[in-house]
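**Student:** A single structure is presented below for examination.
In mature numbering (1 follows the signal peptide of the UniProt record, and there is no 0), the protein residues as written are -28 to -1, 1 to 98.
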């Protein structure tokens, strides 16, 4: 299990914020699409955080239609999950988080950033 120190976690949060701003700037014409993408990412992270020992929550089929519509087609969506510990596997068919990549601090930080962005009507405006 990887562990971030507070300085490293701060850098991680900064990178996540940049990734989220990139996503929002690409799809800024549709706030619902942004909220759907961020809410879906938050659901994936919550599922992993709540069930770290269950592989089905640490594995995402990239060709899944719901995933593609909500996250996969959004620029930066897959990269965001990779920052959180997921990695492509099996010929890029899946995103998978190995048990040793699970880090609750990372998931909580990423989830907090997503939640804040969803609730903040001014996210990415300034």
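We treat Cβ as the ideally placed atom computed from N, Cα and C, and that holds for glycine.
(1) What residue range is occupied by the uninterrupted beta strand (DSSP E) comprising residue 68?
(2) In chain order, what residues of the same chain have a beta carbon less than 6 Å from the beta carbon of residue 86, not counting five sequence neighbours either side?
(3) Give every residue of the same chain whose Cβ lies closer than 8 Å to the Cβ of residue 61, excluding the five residues on either side of it in the sequence, and list them in chain order.
(4) How many angstroms separate the CA atom of residue 35 from the CA atom of residue 42?
(5) Let me know if residue 115 comes out buried or exposed under the rule of 16 or more other beta-carbons within 10 Å of its beta-carbon.
(6) Taking the beta carbon of residue 63 as the centre, do at least 16 other beta carbons fall within 10 Å, making it buried, or is it exposed?
(7) At 4 residues or longer, what runs of the alpha helix (DSSP H) sit wholly inside the stretch 13 to 37?
(8) For a test of the three-state rule: what should DSSP assign to residue 98, helix, strand or coil?
(9) Tell me where the alpha helix (DSSP H) around residue 91 begins and ends.
**Tutor:** If we stick to the structure as given:
(1) 66 to 68
(2) 10, 13 and 14.
(3) Excluding residues within five positions, the ones whose Cβ falls inside 8 Å are 67 and 68.
(4) Going by C-alpha positions, residue 35 is about 12 Å away from residue 42.
(5) Since the displayed the chain opens at -28 and closes at 98, residue 115 lies outside it and no answer follows.
(6) exposed
(7) none
(8) For residue 98, the predicted structure reports a pLDDT of 45, less than 50, and the residue's modelled location is therefore unreliable. A value from the coordinates is still provided. Coil.
(9) 76 to 91
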